[in-house]
Amino acid sequence: MDSRHDRAPDSRTPEPERSQTTLRVNGKPHTLMVDHRRVLLDLLREDLGLTGAKKGCDHGQCGACTVLVDGRRMNGCLLLAVALDGSEITTVEGLAGDGEDLHPLQQAFLDRDAFQCGYCTPGQICSAAGVLAEAAAGHPSHVTDPAAPSGEPVALGREEIRERMSGNLCRCGAYPRIVDAVEDVIP
Amino acid sequence: MTATETVLGAPAERREGREKVTGTARYAAEYDSADRAHAWPVPATVARGRVIAVDAAAALALPGVLAVLTHENAPRLGDPDDPVLAVLQNPRVPHRGWFVALVVAETLEAARAGAGAVRVTYETEGADVTLTASHPEAYVPDSANGGFPAVTEKGDPDGAFASSAARLDVGYTVPPLHNHPMEPHAGTARWEGDRLTVYSSSQGTSAVRAELARLFGLPEDRITVRSEHVGGGFGSKGTPRPEVVLAAMAARETGRPVTLALPRRYLPAVVGHRAPTLHRLRLGADADGRLTSLTHEVTTYTSRVKEFVEQAAVPARVMYAAPTMRTLHRVAALDVPTPSWMRAPGECPGMYALESAMDELAVEVGVDPVELRIRNEPETEPESGKPFSSRSLVECLRDGARRFGWERRDPRPRSGEEGPLLIGTGVASATYPVLVGPGVASARALPGGDFLVRVNATDIGTGARTVLAQIAADALGAPLDAVRVEIADSDIGFGSVAGGSSGTASWGSAVHEACARLSGMLAGRSEPLPEEGLVAEADTSGKADAESPYARHAFGAHFAEVAVDTVSGEVRVTRLLGVFAAGRILNARTARSQFIGGMTMGLGMALTEDSTMDPAFGDFTQSDLASYHVPAHADVVAPEAYWVEEADDHLNPMGSKGIGEIGIVGTAAAVGNAVHHATGIRFRELPLTPDRVLTGLLEHGHPAGMLGV
Ligand code: FES
Ligand code: FES
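Keeping their order, the protein sequence lines are chains A and B. So in the numbering used here, spot 142 of the first sequence is number 142, and the numbers just go up one at a time. Basically the numbering used here = 1-based index in the second sequence + 1000.
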């Protein structure tokens, strides 16, 4: 797939400033010539037209850009795209599996009215997907009981969810309903 | 069961929810096209002065940079209504962060690099950015925001104060606060000949169109402004902002569609903010706590660009039955960014001060703070003497007290200790006026049985689309899913701003009228509808916004429980409960969300949101989300919102009052009062950060000289 960069009239750009990079995004491979300065968030939004991941701060402070990189939640605004060659990226647009209309988290966010303006929502949903996986894999958080057995799945109570979701800001203040929605999806 | 009985008030789901959870809802920066360019502004790095030279050569030499606009080469604009929009028109720098150049480039990276390469030389002048209560340039303006008189006086408040049994004379400080909606301000502009289309992150497209018409010298009908989805605003998108002007300018200069999405750190200087307010409250009361005198004086700042006066003494004119009263605003024009609307301007900081002072008075006279407020309940609006259309403050206080378990409270300060924690509870009242604007709407009956309602509303996260569909369905007697709603497009016609908690009342009145008219047309009709359907229109100018003989306000009561950590000084809000009276609640689901959203922002104001105007640089020190702490998930434990239904025939056809802002009003006072109850210490400056609280605890808990030991 072509990137906007290839079409740009920037014949002055010496090639050392761009590299060919291949990413699998929502299951599809994309090979692009990527400006070394380009972060994953801008690659998704500008090159691939996937604007579900939002830019709230561009500096890793808000979580609006959260996507899954090889299954782990990451701030897309902090990752240089060229460093991700070969990675598997999942965005809110690709979260629902094959044959699934909505991912269970997306459905829970709708059912619980877990948003207002919706700008933080894709990041919240991707982050929640990451939280569920991390807890299942036994990753502790700041509020996990230190006596909990190491490596065992961590039970996600509301305090755990709040703690683990705290990197995703919501200025509309939809927090309690986001926690409700995440709770609904705990297996 | 008829639709009329079920639709209004029902917890209908947001109509755009699916787009929002799947990432397909498009916001202003997300309207791409093959030839779209990106712009990046260059903010001034001095607090006051003039640009004497701009060297753009290095920027223009960078690959991908298309243009560098400055005051020297930017197109001359017409005069805007709002002088903050006169960008790149002259070399003057009125405050740090004012945009002095704009780089347009093929990509975001090139635009950012270009902006970094522009060399601006300034002639600097001495700047004054520090507000003090006795600032020599502070003056009493003619009016404050909202058109309220700056000063009101009733009787002899000084004389009454001097002879009162109980007297309280105290000051409170609220720092500058920032709106910081999650979507930074953005605009995408495209010219086709002399037609301009703009996607704007705005709370009202009509206002944006009117300013663009003035600036670019175009008739309004050649401009289309759309704001289909807006990632929050909280007042900062209530007036057009520089990015939309710069995007339109850059698009015209380059002949390309241009997007300008402001970097987060640039927002505090250019999108408005809540000005700091210094309050002086003097309350006189009899021995039973009945007010005899109330004086609320506010000193604030504005910029040198325009006068904006936070009307923080205005709520005192509404709240309590004081026979003598003075409210007064003073403002100093400094070399600071221009303040503007932030959620409940006036009421929010004003009620923090007034409701904190009421709590101090309650302690002083030994009356329960809920009871003190009830004792001071007025018959009519204290300042105007007008009857209230409805006022359920007492019901809110009583219902909240019951739900919260207030009667179990030990009134003695510092009576709740749990290990290193001090536990306390507090209460505060809330108020917000009923505002409403005029506008147009149309309703069309389509042959298939559906209806199309068009109204230039904006949904900034409130659920406007959804509640307007409910209002239409109710007026048409139609099922909700038969009603389609189109909003957020200036081509629809005039629509007022999503601000002042007025949206639903304003747009809803027009929708209701168009739908009622259409219903009438359909009722007398037996022949089938023509192919294009049957349309009814409404224009509520002069009606919806007519003067009312009634004082119309929403009221509420907040109850908070805090745990103050005596080791770290951290305050945690463990319970937050609000009860509101806002007429008829039209959508239980979205209304509760709005109330809680407002309370959450109030929690931030109480505990974490702090901005400092750096006296040397004229910059907000906390200009991004890493340093300006808005509440995060972990801060918000379990806020509860309830309401008291009011039947009020003096509002609008729906019987509703606005709900978007009252949630933030009073929250910070309830938290502060709870901190006093917990610690016995009165903190009179927000926010209640650990450094302040710990210092207070050490000063009170240790003998002199032991501080910090
Ligand atoms: S945009 Fe990436 S964290 Fe804010
Ligand atoms: S829904 Fe608006 S920021 Fe979260």
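Glycine included, C-beta positions come from ideal geometry on N, C-alpha and C.
Residue i, buried or exposed, once every other Cβ within 10 Å from all chains shown has been counted against 16
i, result
"residue 1751 of chain B", "With chain B covering 1001 to 1709 only, the question about residue 1751 of chain B has no answer from this structure."
"residue 1163 of chain B", "exposed"
"residue 959 of chain B", "Look at the range of chain B in this structure, 1001 to 1709, and you will see that residue 959 of chain B is not part of it."
"residue 1691 of chain B", "exposed"
"residue 1745 of chain B", "Coverage of chain B is limited to positions 1001 through 1709, which leaves residue 1745 of chain B absent and any answer about it impossible."
"residue 142 of chain A", "exposed"
"residue 1581 of chain B", "buried"
"residue 1140 of chain B", "exposed"
"residue 1567 of chain B", "exposed"
"residue 1597 of chain B", "buried"
"residue 1459 of chain B", "buried"
"residue 168 of chain A", "buried"
"residue 1228 of chain B", "buried"
"residue 1456 of chain B", "buried"
"residue 1125 of chain B", "exposed"
"residue 1420 of chain B", "exposed"
"residue 1043 of chain B", "buried"
"residue 5 of chain A", "In this prediction, residue 5 of chain A scores a pLDDT of 44, lower than 50, which makes its location untrustworthy; the coordinate-derived value is nonetheless stated afterwards. It counts as buried."
"residue 1688 of chain B", "buried"
"residue 3 of chain A", "Any reading at residue 3 of chain A needs caution, since the residue's pLDDT is 42, under 50, leaving its predicted position unreliable; the model's value is listed next. Flag for residue 3 of chain A reads buried."
"residue 72 of chain A", "exposed"
"residue 7 of chain A", "Summary for residue 7 of chain A: the model assigns pLDDT 45, below 50, so the residue's position carries little reliability; its value from the coordinates is reported in the next sentence. So residue 7 of chain A counts as exposed."
"residue 1070 of chain B", "buried"
"residue 1264 of chain B", "buried"
"residue 1538 of chain B", "buried"
One or two residues paired with residue i in a DSSP bridge
i, result
"residue 1578 of chain B", "B:1558, B:1641"
"residue 1328 of chain B", "B:1151, B:1297"
"residue 1417 of chain B", "B:1422"
"residue 1166 of chain B", "B:1285"
"residue 1583 of chain B", "B:1656"
"residue 1363 of chain B", "Beta-bridge pairing links residue 1363 of chain B to no other residue."
"residue 1553 of chain B", "B:1433"
"residue 108 of chain A", "Answer is none; residue 108 of chain A lacks a bridge partner."
"residue 1099 of chain B", "B:1043"
"residue 1203 of chain B", "None, per the DSSP bridge assignment."
"residue 20 of chain A", "A:33"
"residue 1185 of chain B", "Looking at the DSSP assignment, residue 1185 of chain B forms no beta bridge with any residue, so it has no partner."
"residue 978 of chain B", "Only positions 1001 to 1709 of chain B appear in the structure, and residue 978 of chain B is not among them; the question remains open."
Inset, instruction - Select from the region 1655-1674 of chain B all residues with a C-beta closer than 9 Å to any C-beta belonging to chain A, and list them in chain order. - result: For the region 1655-1674 of chain B, the set of residues with a beta-carbon nearer than 9 Å to any beta-carbon of chain A comprises 1663, in chain order.
Legend entry - Positions along the region 166-181 of chain A whose CB lies within less than 9 Å of some CB in chain B: The residues in question are 166, 167, 168, 169, 170, 171, 172, 173, 174, 175, 176, 177, 178, 179.
Legend entry - Cβ-based contacts, 8 Å cut-off: residues of the region 1180-1194 of chain B near chain A: Residues are counted here when their Cβ sits less than 8 Å from a Cβ of chain A; for the region 1180-1194 of chain B these are 1180, 1181, 1182, 1183, 1184, given in chain order.
Legend entry - Within 7 Å of chain B by C-beta, residues of the region 114-137 of chain A in sequence order: Using a CB distance below 7 Å, the part of the region 114-137 of chain A facing chain B consists of 115, 116, 117, 118, 119, 120, 121, 122, 125, ordered along the chain.
Legend entry - Touching by the beta-carbon criterion (3+ pairs, under 8 Å), the region 1541-1554 of chain B and the region 1642-1660 of chain B: Yes, since at least three Cβ pairs between the region 1541-1554 of chain B and the region 1642-1660 of chain B fall closer than 8 Å, the two stretches touch.
Legend entry - Three or more C-beta pairs below 8 Å linking the region 1522-1540 of chain B and the region 1441-1457 of chain B: Three or more Cβ pairs drawn from the region 1522-1540 of chain B and the region 1441-1457 of chain B lie within less than 8 Å of each other, which places the two stretches in contact.
Inset, instruction - Quick one: which residues of the region 1234-1268 of chain B get their C-beta closer than 9 Å to a C-beta of chain A? List them in chain order. - result: Going along the region 1234-1268 of chain B in chain order, one finds 1234, 1261, 1263, 1264, 1265 with a Cβ nearer than 9 Å to chain A.
Inset, instruction - Give the residues from the region 1010-1028 of chain B that approach chain A closer than 9 Å (Cβ to any Cβ), ordered along the chain. - result: Cβ contacts with chain A come from 1011, 1013, 1014, 1016, 1017, 1018, 1019, 1020, 1021, 1022, 1023, 1024, 1025, 1026, 1027.
Inset, instruction - Mind listing which residues have their beta carbon within less than 7 Å of any non-hydrogen atom of ligand 1? Chain order is fine. - result: That gives A:41, A:54, A:55, A:56, A:57, A:58, A:59, A:60, A:61, A:62, A:63, A:64, A:65, A:75, A:76, A:77, A:78.
Inset, instruction - Inspect the CB distances between the region 36-45 of chain A and the region 14-25 of chain A and report whether three or more fall short of 8 Å. - result: They touch, by the three-pair rule.
Legend entry - Inter-stretch contact at 8 Å, needing at least 3 Cβ pairs: the region 1173-1184 of chain B / the region 1290-1299 of chain B: Because the criterion of three Cβ pairs below 8 Å is not met, the region 1173-1184 of chain B and the region 1290-1299 of chain B do not touch.
Legend entry - chain B contacts from the region 44-58 of chain A (Cβ-Cβ distance under 8 Å): For the region 44-58 of chain A, the residues whose beta carbon sits under 8 Å from a beta carbon of chain B are, in order, 45, 46, 49, 50, 51, 52, 53, 54, 55, 56, 57, 58.
Legend entry - Residues within the region 1445-1463 of chain B neighbouring chain A, beta-carbon criterion of under 8 Å: Result list: 1460, 1461, 1462, 1463.
Inset, instruction - Pull out every residue of the region 1571-1597 of chain B whose Cβ sits closer than 9 Å to any Cβ of chain A, in chain order. - result: Hits within the stretch, in order: 1589, 1590, 1592, 1593, 1594, 1596, 1597.
Inset, instruction - Determine contact between the region 1321-1336 of chain B and the region 1128-1137 of chain B, defined as no fewer than three beta-carbon pairs at a distance below 8 Å. - result: The region 1321-1336 of chain B, when compared against the region 1128-1137 of chain B, does touch it at the 8 Å Cβ threshold.
Legend entry - Interfacial residues, the region 1608-1627 of chain B to chain A, with Cβ spacing under 8 Å: Within the region 1608-1627 of chain B, the residues whose Cβ lies closer than 8 Å to any Cβ of chain A are, in chain order, 1624, 1625, 1626.
Inset, instruction - For the region 1354-1368 of chain B and the region 1609-1626 of chain B, state whether three or more C-beta atom pairs, one from each stretch, are separated by less than 8 Å. - result: Taking 8 Å as the limit for Cβ pairs, the verdict is that the region 1609-1626 of chain B does not touch the region 1354-1368 of chain B.
Legend entry - the region 1273-1288 of chain B contacting the region 1358-1367 of chain B, beta-carbon criterion three pairs below 8 Å: Enough Cβ pairs lie closer than 8 Å, so yes.
Inset, instruction - Give a yes or no on contact between the region 1263-1278 of chain B and the region 1208-1226 of chain B, applying the rule of three or more CB pairs nearer than 8 Å. - result: Verdict: no, contact absent.
Legend entry - Contact set between the region 61-90 of chain A and chain B, restricted to residues whose Cβ is under 8 Å from the partner: Result list: 61, 62, 64.
Legend entry - Stretch-stretch touch, CB-based, cutoff 8 Å, three pairs: the region 1482-1493 of chain B with the region 1219-1233 of chain B: Segments in contact, yes.
Inset, instruction - Check whether the region 1071-1084 of chain B touches the region 1106-1121 of chain B, taking contact to mean three or more Cβ pairs, one atom from each stretch, closer than 8 Å. - result: No contact exists between the region 1071-1084 of chain B and the region 1106-1121 of chain B.
Inset, instruction - Pair every Cβ in the region 49-60 of chain A with every Cβ in the region 90-98 of chain A, then say whether three or more of these pairs are closer than 8 Å. - result: As far as the Cβ criterion goes, the region 49-60 of chain A touches the region 90-98 of chain A, which means the pair count is three or higher.
Inset, instruction - Quick one: which residues of the region 1491-1518 of chain B get their C-beta closer than 7 Å to a C-beta of chain A? List them in chain order. - result: Identification of residues in the region 1491-1518 of chain B having a C-beta nearer than 7 Å to some C-beta of chain A yields an empty set.
Inset, instruction - Tell me, please, whether the region 1660-1671 of chain B touches the region 1397-1414 of chain B by the rule of three or more beta-carbon pairs shorter than 8 Å. - result: The region 1660-1671 of chain B, when compared against the region 1397-1414 of chain B, does not touch it at the 8 Å Cβ threshold.
Inset, instruction - Answer yes if the region 111-124 of chain A comes into contact with the region 161-180 of chain A, meaning at least three C-beta pairs across the two stretches below 8 Å, and no otherwise. - result: Two segments are said to touch when three or more pairs of C-beta atoms, one from each, lie closer than 8 Å; by this definition the region 161-180 of chain A touches the region 111-124 of chain A.
Inset, instruction - Count the CB pairs spanning the region 96-105 of chain A and the region 137-152 of chain A that are closer than 8 Å, and state whether there are at least three. - result: No, the region 96-105 of chain A does not touch the region 137-152 of chain A.
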